[in-house]
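Protein chains in written order, with full-length UniProt numbering: chain A, 1 to 346; chain B, 1 to 561.
Let me begin by presenting the structure, written as structure tokens, before commenting on it.
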Amino acid sequence: MEIVLKNIIKKYGDVAAVKNISLEVKQGELVALLGPSGCGKTTLLRIIAGLVPLDSGKIFFDGKDVTTWSSQQRNAAMVFQNYALFPYLNVEQNIAYGLKVRKRSKSEIEKRVRSLLERVALSGLEKRDIQELSGGQKQRVALARALVVEPNILLFDEPLSNLDEKLRVSMRQEIRKIQKDIGITSIYVTHDQKEALAIADRIVVMNKGEIQQIVKPDELYYKPANTFVASFIGHANLIEIPVLKDENNEKIAKLFGKIVKIDKLDEEIKNIIALLRPEEIKLTNEGIQAKVIGHENLGSIYRYKVKVETYEIIVDVLNRRRNRILNIGDCVHLDFDEKSVHVLYN
Amino acid sequence: MKKNNGVIILLYCLLVFFIVYFAFIPVISVIVYGMNLGCKIEIIYKYIERALYYLKNSLVISFVVTFIATSCGMTIAFTLRRLKFRGRNMLRIFSLLPLIHPPFVGSIAFIMLFGRRGLISHQFFGLDISPYGWKGVVFIQVLGLGALANILISSVIEKMDISLEEAARNLGAQEKKVFFTVTLPMMIPEISSTALLVFLASMADFGTPLIIGGDFQTLASDMYIQITGMYNMQGASISGVFLLIPCIFAFVLQRYYIQKRTYFTDEVGAKDIEYKEIKPYAKYLLIFFTSLFIGLVLLKYTFIIIGAFTKQWGYDYTFTLSHFQSILKRDFSSFINSVKLATYVAFISSFIGVVLAYILHNKRVPMAAFVDFMAVLPAAVPGILFGISYLVTFKYPVLGMGRWILKDIKPLVLLGTEIIIYIICIARYMNVGLRAGSALLKHVNSDLEKAAYNLGASETKTFFTVIMPLLKDAFFASFFKNFSTTMTTLGAIIFLLLPKNKVAVQQIFQIITSSAMGEASAMALLLSLLCLIMLGFFYVLFYGGSLWHKMKEGRGVWKSY
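The following block contains the structure:
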């Protein structure tokens, strides 16, 4: 099912939680809503689920206006952050709930529940009480409970945030696999950029109730739309430099002596912000002079903080055994490919 | 596991001794005494026959009242919490009125309306039918206990985790389905504990049937009649056994089977839910019902206020202060005794309660579950029966054993002293502190105490610097509740009072039975007022420091602007 959101606005009192958001999600696509807490992503998800009424705007499912439909009518099943499993029902009864309220036949319920238990790898735990399950198992039950009603859309509200790191990684792979198998249109809210990058077809970065960028995971890292996205995703050296003109009267900028091209022809731009990712910088024997002012061992990489001119720059170096470890106060030389510099205008 | 130090063990032993001797043994001995076949079998048979007759009345009344009052409480609670309408906030505030509950307020108002010179029965309609009887008892109990049920259930609705309801809605369940498959099942533990409270209160209520029951009496009120009218301890004890069985049964069923399944999480993002899709006629019906119920409750209070300020109900409605004057002309000793009793009892019972909660929870002591059971048992025992059990137990020295062994010692070891009413109230109300403390400690990280040990604090020091501040709120909550209960309830102490330590609530009861409604109203009002003033005083005493601090801070902020 295809989802179209048009100019969605939601206010809590005077505070706008969602400011005029429009978005299209294609059939079978998994779109991640990514942003810091309080950015409006969960509110937007709940609006789509029909659990939160919107102030203005329209929602279309496959071209049908569903704005005034209740949550019951929308058939957009949600996986809740705290699982929201019914504690007085066992695993099987929890999963069957959606079918029971739809008054499906007993044999059908049994069949569907069994096949879903298999799909989420919980066979054998049918009669368990919810309290006896681990966090990961609870999440699987919640997923199965949402899937059993054959929803048009699957909505995830930070489904993995209560799990530990290892489990998170394996669960998100599982979720992605099941989602692709079924081919169900999904919206996935998370504040974890790794999760969004790993799972989504497209990522919608949100901040303060507004969409900052809609982008494919591969492009997000290297082509952020603005400084917020650049610094929210991964680590970023953001260096503000003045705009100059070369001999052909074309606009350029110089980053540590290297020429950076500017595409925007706007006359008014006086300064640009150059984005240089820490791993794009190499430590060399000659080149830009720098001084080490801090270092941090992060396992697979070694992160140095160095001073170049008046700027503090982060440099990531792969933590290979043969690499020499630098100390604070050491003088080093840096080099980078000018093509790896991404230019931002705000 | 760290070994308990001597102080804790000693304290535990003392507490266990107190609980066994003053809470558990009396209940056991009234059963033993009741079943003691010392007299002729025909007489026993007669007693049992009488008890069974009244038991039937009690059970019918209690079941009906429990069902109606709990349903009313739920209906009102949901209407006031989940429907939006004008005047809702006002109704919410009025619905809290029963927290200040003048003793016998329902019965007094009832007599004023339906009594021989009552407004409805005499003044306006001149009806000749007498509403005295079981209908009146049910009506008064429903009005009083339904309002209480609303308060209890409202607080549960506010604590509910609404994401489960959202999940159900999201899975396609219609509103009605959501209510019956999610909302209600989630609330069953709390609804059942409310129903239990209503059931026990209804079973234990002897005042209402005595005052307005007419020919219709219940087991509890009949026990009162047996003791005061004929001083028939044996008969009363047998009745007591029959009264106790359903109470204990309901108590154990609720506490150990239904309550076990409590689902409330710590992190509750409770938000207001509004039932928007409800049909208008249903909505207005609910609002009408709620307003009617709360209106009746208000009416009750209005009547005793009017009654307190008019000359003679039914004859002369001119304004007067004479009731208050005649009360104030007498000595205040009954009011002073009430305050004294309530203060000591509230303090000691709450302290014992929270300390016991701490020991049972955080220390590994033997028989913790059984001690807990013994300590909360008095909550299930109707007050009047608990009083009779004290009569039975302490009539002779050494738990009544002295009857055979120490024939020469006069029965004055505890009975007939002032101290016994203090002891019975403490034994009866310590479960409040115990439950408040346990509920609190369940949510406290168990490592907290270990953290203090780890930082070098001794066990005693830890108790006073870490545990006490935590338990403070449980203690205060229990203090306030026990204070007002002791001030305004009569059941347990009625047979143990002496002329020299009479309390106000007992006097009110006597005045009502002699039909002086004006004076009874005035005195009930005064007692409630006094209770409120004292609660306010204690509130300032307990929280005054932090209140003062906040005010000063507030002023500082104010100045800086």
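Cβ atoms here follow ideal geometry from the backbone N, Cα and C, with glycine treated the same way.
Relative to Y453 of chain B, the option among B:V466, B:F94, B:A149, B:L441 whose CA is nearest is B:V466.
Every alpha helix (DSSP H) of 4 residues or more that sits fully in the segment 154–182 of chain A is shown, in chain order, as 165–182.
For L51 of chain A, the nearest beta carbon of chain B is closer than 8 Å to its own beta carbon. Below the 7 Å Cβ cutoff, chain B contributes R169, N170 as neighbours of S71 of chain A, in chain order. Under the three-state reduction of DSSP, I241 of chain A is assigned to strand.
F61 of chain A is bridged by DSSP to A:I3, A:K64.
Using a CB distance cut-off of 8 Å, S163 of chain B counts as an interface residue toward chain A. Residue nearest to K339 of chain A within the set A:A274, A:L283, A:I293 is A:A274 (criterion: CA-CA distance).
Beta-bridge annotation (DSSP): Y539 of chain B is not paired with any residue. If you check each beta-carbon in the segment 88–103 of chain A against every beta-carbon of chain B, the ones closer than 7 Å belong to Y88, Y97, G98, V101, R102. For V149 of chain A, the neighbours in chain B by C-beta distance under 8 Å run, in chain order, L171, G172. Against chain A, the CB of V156 of chain B has no partner CB under 8 Å away; the residue lies outside that interface. Counting C-beta atoms within 10 angstroms of its own C-beta, G172 of chain B has 16 or more neighbours from the protein chains shown and is therefore classed as buried. For F199 of chain B, the CB contacts under 6 Å within the same chain, skipping 5 residues up- and downstream, are S62, T66, A250 in chain order. Interface annotation, F61 of chain A: not in contact with chain B, CB-CB separation never under 8 Å. The beta carbon of F336 of chain A sits no closer than 8 Å to any beta carbon of chain B.
With a contact defined as Cβ atoms closer than 8 Å, Q212 of chain A and A225 of chain A qualify at about 6 Å.
DSSP places R114 of chain A in the uninterrupted alpha helix (DSSP H) bounded by 106–119. A check of alpha carbon separations from K363 of chain B across B:T70, B:F464, B:E449, B:Q510 identifies B:E449 as the nearest. Relative to V32 of chain B, the option among B:F242, B:V182, B:M160 whose CA is nearest is B:F242. Under the 8 Å Cβ criterion, the segment 319–331 of chain A counts as touching the segment 302–309 of chain A, having at least three qualifying pairs. Remark: three or more beta-carbon pairs, one from each stretch, lie closer than 8 Å, so the segment 200–217 of chain A and the segment 28–38 of chain A are flagged as touching.
Put simply, the backbone Cα of V91 of chain A is about 24 Å away from that of K166 of chain A. Closer than 9 Å at the C-beta level to chain A, one finds these residues of the segment 173–187 of chain B: A173, Q174, E175, K177, V178, T181, V182, P185, M186.
The segment 306–324 of chain B makes contact with the segment 513–521 of chain B; the number of CB pairs closer than 8 Å reaches 3 or more. Checking the DSSP bridge columns, you'll see C331 of chain A partnered with A:K291. Legend: CB atoms of the segment 457–474 of chain B lying less than 7 Å from CB atoms of chain A are not found in any residue.
Between the C-alpha atoms of F94 of chain B and I151 of chain B there is a straight-line separation of about 11 Å. Secondary structure at V365 of chain B: coil, using DSSP grouped into helix, strand and coil. Taking each of A:R322, A:G257, A:R320, A:E174 in turn and checking the Cα distance to L334 of chain A, the smallest one comes out for A:G257.
Exposed is the label assigned to D246 of chain A, since fewer than 16 other Cβ atoms lie within 10 Å of its Cβ. In this structure, I47 of chain A sits away from I3 of chain A, with a CB-CB distance that is not shorter than 8 Å. Apart from the 5 residues on each side of it in sequence, V60 of chain B sits with its Cβ closer than 8 Å to the Cβ of W134 in its chain, given in chain order.
Per the C-alpha coordinates, the member of A:I109, A:K251, A:N82, A:L23 positioned closest to L160 of chain A is A:N82. For E166 of chain B, the nearest beta carbon of chain A is closer than 8 Å to its own beta carbon. A distance of 8 Å or more separates the beta carbons of I511 of chain B and I421 of chain B.
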